[in-house]
Structure formats: C-alpha cells, structure tokens
DNA sequence: CGGTTTTCTGGGAGCGATCCCAGAATTTAA
DNA sequence: TTAAATTCTGGGATCGCTCCCAGAAAACCG
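Residue numbers (the numbering used here), protein chains in the order written: chain F, 1 to 354; chain R, 1 to 354.
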C-alpha cells in the first residue's frame with residue numbers, strides 16, 4: 001500500500017475528535033452540529049461549522065453505518081440482463097437515470113448488481129443478500145417466481161420492483177404500468193384498421209411485463225371476436241435476436257400484423273423482414289412497445305406504446321427511500337400511464353410530421 | 001432465523017462473537033476462518049465453517065471497512081450524462097455491463113454516480129469525493145479539464161478513465177481506443193471512394209474522444225492533400241439532436257460526405273436527411289462511430305467504426321482493482337483495437353450479407 | 001526426555017462514528 | 001435571592017470487526 005515515507009501524500013482523513021480539538025469543543029458537539037441537532041449554542045455551532053468547512057471534513061460512513069445500521073445507499077438488481085434486456089434499447093439505462101436522479105437528490109448512494117448469463121445464480125443472489133452495504137433494493141426484470149423475492153421478504157429487506165408481482169403481493173411494493181391495457185390498446189388499434197390475423201412475439205413470459213402484454217393481446221382478440229390461434233403466438237424473450245427468430249417462425253403461417261412485446265423484438269422483426277424482402281406495413285403491420293428513442297428513426301418509423309421509463313425509475317427510488325425512512329406503509333402500488341404512439345409501421349398515416 | 005415469537009421477524013444479524021459461542025471457540029478464530037488465515041487446526045476450521053454455513057453468516061461490511069479501511073467497492077462516475085451520452089445508444093449501458101461483470105467476479109460492489117444536467121456540479125463532485133464508500137473510481141466521459149481529476153489526485157484516490165487524459169498523464173491510468181487512427185481510417189475510406197468534400201459533425205471537443213476523432217479527420221484530409229474547410233466542421237456534442245442540427249447547418253455548404261463523431265450523431269443526420277428528402281449514400285455518404293447494435297438496422301445500414309465497449313469496461317474495472325490491490329504500478333495505459341465496419345451508408349457495397 | 005520451534009487460540013485495543021446520561025451553564029419562575 | 005426548568009456540553013459505552021500480542025498446546029529434535 002505504499003506506506004513508506006513520503007512521496008505519496010496519503011493524508012489520513014480527520015475524524016470527529018480532530019475537528020473537536022481544532023474547534024475547542026468535544027466530539028459530541030461536533031456530531032451534533034453535523035447532524036443538525038438542537039441544543040448547540042449558536043456561537044459554538046458557527047465555530048464548529050467553520051472548522052468543518054475549512055478542513056473539508058465529512059464523517060466516516062463506515063463508522064456511521066456501524067452504529068446507526070443505516071448505509072444511506074440503495075441497490076439495483078437486474079437478474080439476467082442479457083436475456084431480459086437487450087442492449088439495443090435504452091430501457092435499462094433510462095431506468096438507471098431515473099433512479100439515480102432521485103437517489104442523488106435524496107442523498108443516497110446507488111449500488112448496481114447486474115447478473116450475467118452464465119453466472120452462478122445461487123452465488124450471485126447470496127452475494128446480494130449478504131451484502132449489507134445498502135438499506136433496500138430495487139429489483140428490475142426479475143422472473144416473477146425468482147426465489148430472490150422470498151429471500152428478501154424473509155430477511156425483512158425493503159424492496160421495490162418495477163414489474164407487477166404475482167406472488168407475495170401483500171409484501172411487495174412496486175411501480176409499473178398497466179401492461180395489459182396498453183397491449184390491448186395496441187392490438188385493438190391494429191384490429192380497428194382492418195388487421196385480423198394478428199401474430200405476436202412475446203417477451204419473457206416469466207416476467208410479468210411479458211405475461212401481461214400477452215394477456216392484453218388475448219383480450220383484444222377476444223373482445224373483437226377473433227379466435228386465438230396459438231400458431232400466431234411465438235413465445236420469446238425481450239431482445240432483438242428473439243424477434244428475428246420469431247419472425248422466421250411465423251413465416252409458416254398467414255398473418256397480416258405482428259404485435260411485438262417490445263421495440264427490440266420489433267427491431268429483429270424488421271431485420272428479418274428486410275432480409276426476406278417483406279415490406280412493412282404493406283405485407284404486414286407492426287407495433288412495438290417501449291417507444292425507444294430510435295423508433296422514429298426506423299424504416300418505417302415504428303408505431304409503439306410509450307411508457308415513462310425515467311419516471312418509473314424515479315418513482316421506484318422515491319418509494320424505496322420512503323419505505324426505508326418509514327414514511328410510507330407497505331404495500332404500495334404505483335401505476336404509470338402509457339400512450340399509443342402511431343407512426344407508420346402499423347399502416348395508419350402517422351400523426352407526426354416527418 | 002426467526003428465533004423470537006414476535007410478528008415481525010427482524011432477525012438481528014449475528015456477529016462473530018455469536019458464531020464463536022456456537023462453535024465453542026473465540027471471536028479471533030472465527031475471524032481467521034472467515035479470512036482464510038493459517039494457524040487454525042483442521043478440526044476447528046471445519047467446526048466453525050459448519051456453524052457459519054448453518055447460520056448463513058456473513059461479516060458486517062461496515063465494521064470490516066472501519067478497521068481495514070477498504071470498502072471492497074468501486075465507483076463509476078459519469079459527469080453530465082445527458083450531454084455526453086445520448087440515450088439513443090447503448091455505449092453507456094454496455095460499458096456498465098463490462099465493468100460490473102468484472103467487479104462482481106472480483107468480489108467488489110459497484111457504486112453508480114450519474115451527474116444530471118442542471119445539477120449543482122460543485123455539490124455533485126463534493127459528494128463523490130467525500131463519499132468514502134468506495135476504494136476507487138472509474139471516470140467516464142468527463143471533460144478533459146474537469147477539476148474532478150485534480151481533486152482525485154490530490155486526495156490520492158485511485159481512478160481510471162476511459163478516455164485519453166490530456167493533463168496529469170503521469171498520474172492517470174486509462175483504457176481507451178486509438179480514436180485518432182480510427183477516425184482517420186474512416187475518413188480515408190471515404191476519400192478512397194471518391195468523396196472529397198467531407199464534412200464532420202464533431203463530438204464534445206472537451207472530451208478527448210471528441211477531440212481525437214476530429215484530429216483523425218484532419219489527418220486524413222491532410223495526408224490526402226485536401227484542404228481543411230472550417231465550414232465543413234460543425235462543432236457539436238455526442239447526441240442525436242446535435243447531429244440533426246449539425247446536418248441542417250451543413251446545408252449552406254456543398255459536401256459529398258459526412259463523418260459523424262458517433263452513431264447517435266449519425267442517427268440525427270439521417271433523420272434530418274430524411275426530412276429534407278436527401279438520400280444516403282446517393283446525395284452524401286455517411287460514416288459513424290461506435291457500431292451500436294442498431295447500426296445494421298438503419299436505412300441504409302450504417303458504416304461505422306466498431307469499438308469494444310464491453311472490453312473497455314472490463315479492462316477499466318480490472319485495472320482499477322489491480323491498482324487498489326497494489327498489483328500494478330501507476331500510470332497504466334491500455335489501448336484497445338477498433339475496426340471499420342463497411343455497410344451501405346458510405347456508398348460502398350457492404351461486405352455483410354443482407 | 002527437556003528444550004526449542006512451530007502451530008494454535010483467546011482477549012485487549014482500536015477503527016470513528018452515535019447514543020445516552022450526567023453535570024455545568026443559563027434562563028425562567030416564584 | 002433562590003429554586004426549578006431548560007439549554008448546552010463532555011465523555012463513557014457501544015456497534016462488529018481486524019490487528020496484535022501473549023500464552024497454551026503440539027510438533028520437532030538432538
């Protein structure tokens with residue numbers, strides 16, 4: 001550690017006692033000033049604050065955590081990012097931005113845990129659970145039956161998910177969108193404009209976002225009296241590759257539209273269509289989900305469902321910290337609005353200029 | 001577990017002493033077992049390990065940090081993400097994946113700090129510097145003259161950047177690509193195929209990635225004997241909006257190609273071109289930089305420079321942890337390879353199928 | 001077998017904060 | 001002026017570890 005004499009000026013950080021000495025007061029008084037407690041005379045407070053400012057002092061977080069049992073940090077867990085979230089879309093980084101915006105503002109640090117495919121799941125989870133560097137957890141894109149949830153509940157760890165929970169509802173706080181209605185809206189839009197053999201390439205069906213979007217698809221067909229044809233339902237995952245493959249599987253059947261469970265899938269569909277010489281929306285209509293920024297830029301621009309991802313992250317972080325601070329009673333559920341954005345891929349004239 | 005009869009099983013975590021008692025040994029011995037130290041008899045070790053396993057015990061990280069002065073966590077700082085990194089591309093999330101892959105593997109936690117536009121810079125930086133929850137920092141997309149660097153060096157904090165440093169080189173460890181040569185290659189490719197009035201829309205010129213790519217552009221022109229025309233050089237930032245605006249500015253001048261400093265900019269250019277009824281590559285050729293996944297999917301598919309972002313993150317994390325562990329001597333510089341990927345936007349027949 | 005070396009074990013001190021309690025200083029009340 | 005309430009301040013105990021040192025047990029060796 002280069003602890004030899006000089007050359008490297010590793011200036012050992014000061015502590016409360018040092019500041020106290022400099023200010024001519026006691027440890028306790030400095031602590032009171034730092035934590036904005038009452039019962040410190042104005043004169044003393046000013047003096048101490050001056051010394052703190054002068055020295056650029058800030059208290060050792062480990063020592064603080066040891067006694068308060070609070071870390072002032074929250075964690076974000078994303079199991080299996082490669083499967084769940086393709087790097088084609090900005091969902092994930094947008095969510096992170098929304099989260100960190102709030103954590104920074106509310107003076108918390110943010111820990112990130114991304115599970116890689118091929119990781120030893122068990123080890124990964126143990127590590128997260130045992131890592132007590134955080135006061136609570138935001139869990140994104142986890143399988144609904146992920147054992148992580150049971151463990152978190154058993155350990156009494158505060159957590160918030162950004163999907164609808166299917167189990168442990170009475171113990172789960174979450175912020176999400178109404179995926180069912182949103183998907184239904186998308187598919188109904190296709191039906192309304194004359195498409196009746198509508199296929200879907202689903203997202204991960206063990207994630208509620210995926211499950212619910214499929215439900216929305218079914219609902220739309222049902223209320224239009226269109227029979228549910230399992231040939232037209234391709235179970236897949238939320239990424240481009242799956243969209244590409246899914247499109248190819250669909251070739252064996254007749255269809256005039258595809259509802260892709262997210263934009264990454266839609267992207268894969270477009271790529272396959274391009275290679276196959278199929279034209280969108282002439283040969284089939286296409287609707288996505290997410291409204292990633294790139295959607296306007298595709299050929300043709302993609303009709304999709306817009307969801308407020310940044311807000312989702314922000315709400316999740318606020319909810320979690322509220323929970324940690326005991327400001328709110330569990331369980332909480334926050335539902336954010338979505339909107340169908342009509343562009344060209346669905347075959348209806350876009351309302352946007354361009 | 002749940003060893004009391006109350007409703008809320010907030011099971012107070014055990015500590016070394018508890019484990020010691022259960023195993024019939026002392027605190028110190030348990031500590032030795034946990035830290036894999038020698039001088040513990042095989043029998044004792046087995047016994048203690050059994051108790052630890054049974055109780056699912058893991059030592060309190062705050063207590064550990066307090067005495068070892070090591071947090072086993074590293075931080076990632078991205079100042080001004082909105083300007084530097086557009087959410088159109090996956091650069092940022094890919095980098096994070098590369099980093100977390102290594103930190104997880106090397107048993108470190110990862111702290112994330114994203115500066116938002118509109119944040120109080122000063123406050124943000126103080127917070128990062130004062131937050132001693134990490135042993136070192138990876139700094140991405142910071143301005144070359146960011147005062148953060150001086151502060152980090154002064155504080156003796158280990159850090160790694162993912163851009164070429166322009167100041168404090170003898171104190172800076174970094175991993176990057178050869179932006180100059182890569183950009184030069186891209187522009188030379190355009191020249192070689194008959195483009196001679198080549199414009200460029202730059203990235204942030206206060207980030208070395210941006211600066212170096214402009215240098216590469218100049219070099220290419222120079223070695224081809226093409227005069228440098230400032231009208232054709234639009235200073236901008238690494239995002240789509242700037243690409244869109246830049247394209248519009250260029251309309252006042254005559255050009256037959258554009259070198260966009262990254263793919264997000266290229267995306268903006270394509271959008272503007274589309275709106276203006278200009279065709280790529282017929283009206284002008286376009287080359288980007290980054291090879292974001294979406295590049296193949298654009299219309300036309302984008303010719304661009306591929307850079308290994310995942311590896312960049314992984315190398316940065318490894319380097320940082322090596323530095324922290326004293327396994328490596330500062331300063332270190334790691335240069336990763338890039339590759340020109342020819343698709344269709346440059347007007348040369350793509351080598352890829354499709 | 002006694003003495004030296006090596007292995008093994010336990011407990012005190014300390015990391016740097018907060019919390020709590022007791023006592024001093026000040027203000028208020030009577 | 002004195003008693004009682006209130007404000008202010010300091011220091012001991014504590015959080016749960018690691019580090020260090022000393023002493024006990026075991027292994028080695030001439």
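Ideal placement from N, C-alpha and C gives every residue a C-beta, glycine not left out. Treat the numbers as computed from the prediction; the structure is a model and nothing was measured.
Interface flag, residue i vs chain R, CB-CB below 9 Å
i: residue 61/F; result: yes
i: residue 410/F; result: What is shown of chain F runs 1 to 354, which leaves residue 410/F out entirely.
i: residue 338/F; result: no
i: residue 119/F; result: yes
i: residue 251/F; result: no
i: residue 345/F; result: no
i: residue 132/F; result: yes
i: residue 101/F; result: yes
i: residue 332/F; result: no
i: residue 76/F; result: yes
i: residue 294/F; result: yes
i: residue 371/F; result: Residue coverage of chain F in this structure runs from 1 to 354, which leaves residue 371/F outside it and unanswerable.
i: residue 184/F; result: no
i: residue 92/F; result: yes
i: residue 109/F; result: yes
Residue i, DSSP secondary structure in three states
i: residue 196/F; result: coil
i: residue 339/F; result: strand
i: residue 326/R; result: coil
i: residue 13/F; result: coil
i: residue 28/F; result: helix
i: residue 22/F; result: helix
i: residue 355/R; result: It is not possible to answer for residue 355/R, since the shown part of chain R is limited to 1 through 354.
i: residue 348/R; result: coil
i: residue 181/F; result: helix
Neighbour flag for residue i against chain F, beta carbons, 9 Å
i: residue 65/R; result: yes
i: residue 14/R; result: no
i: residue 122/R; result: no
i: residue 299/R; result: yes
i: residue 349/R; result: no
i: residue 320/R; result: no
i: residue 237/R; result: no
i: residue 104/R; result: yes
i: residue 84/R; result: In this prediction, residue 84/R scores a pLDDT of 45, lower than 50, which makes its location untrustworthy; no coordinate-derived value is stated.
For residue i, the residue or residues it bridges with in DSSP
i: residue 290/R; result: 306/R
i: residue 228/F; result: Looking at the DSSP assignment, residue 228/F forms no beta bridge with any residue, so it has no partner.
i: residue 173/R; result: 160/R
i: residue 334/F; result: 175/F
i: residue 201/R; result: 234/R and 260/R
i: residue 377/F; result: Missing from the structure shown is residue 377/F; chain F here goes from 1 to 354 and no further.
Heavy atom of the ligand NAP within 8 Å of residue i beta-carbon
i: residue 235/R; result: Among the components modelled here there is no ligand, and therefore nothing to report on the ligand NAP.
Counting only runs of 3+ residues fully inside the segment 292-323 of chain R, write out the beta strand (DSSP E) ranges in chain order.
-> 304-306
Every unbroken alpha helix (DSSP H) inside the segment 32-98 of chain R [4 residues or more] = 42-55, 61-68 and 81-84
Write down every uninterrupted run of the alpha helix (DSSP H) in the segment 204-281 of chain R whose length is 4 residues or greater and which is fully enclosed by it, in chain order.
-> 208-224, 240-250 and 263-276
Along the chain, which unbroken stretches of the beta strand (DSSP E) at least 3 residues long are found entirely within the segment 96-167 of chain R?
-> 109-114, 136-139 and 158-161
Does the segment 133-146 of chain R come within contact of the segment 160-180 of chain R, defined as at least 3 CB pairs closer than 8 Å?
-> yes
Evaluate contact between the segment 219-232 of chain R and the segment 317-333 of chain R, counting only Cβ atoms and requiring at least three cross-stretch pairs below 8 Å.
-> no
Meets three-Cβ-pair contact criterion under 8 Å: the segment 298-312 of chain F and the segment 39-57 of chain F | no
Flag this pair as touching only if the segment 226-240 of chain F and the segment 194-210 of chain F have three or more C-beta atom pairs under 8 Å; answer yes or no.
-> yes
Specify whether the segment 276-283 of chain R and the segment 260-280 of chain F touch according to this definition: at least 3 beta carbon pairs, one from each stretch, less than 8 Å apart.
-> no
Spell out a yes or no on whether the segment 120-130 of chain F and the segment 88-100 of chain F are touching, meaning 3 or more CB-CB pairs, one atom from each, closer than 8 Å.
-> no
Please determine if the segment 95-112 of chain F and the segment 30-41 of chain R are in contact, where contact requires at least 3 C-beta pairs separated by less than 8 Å.
-> no
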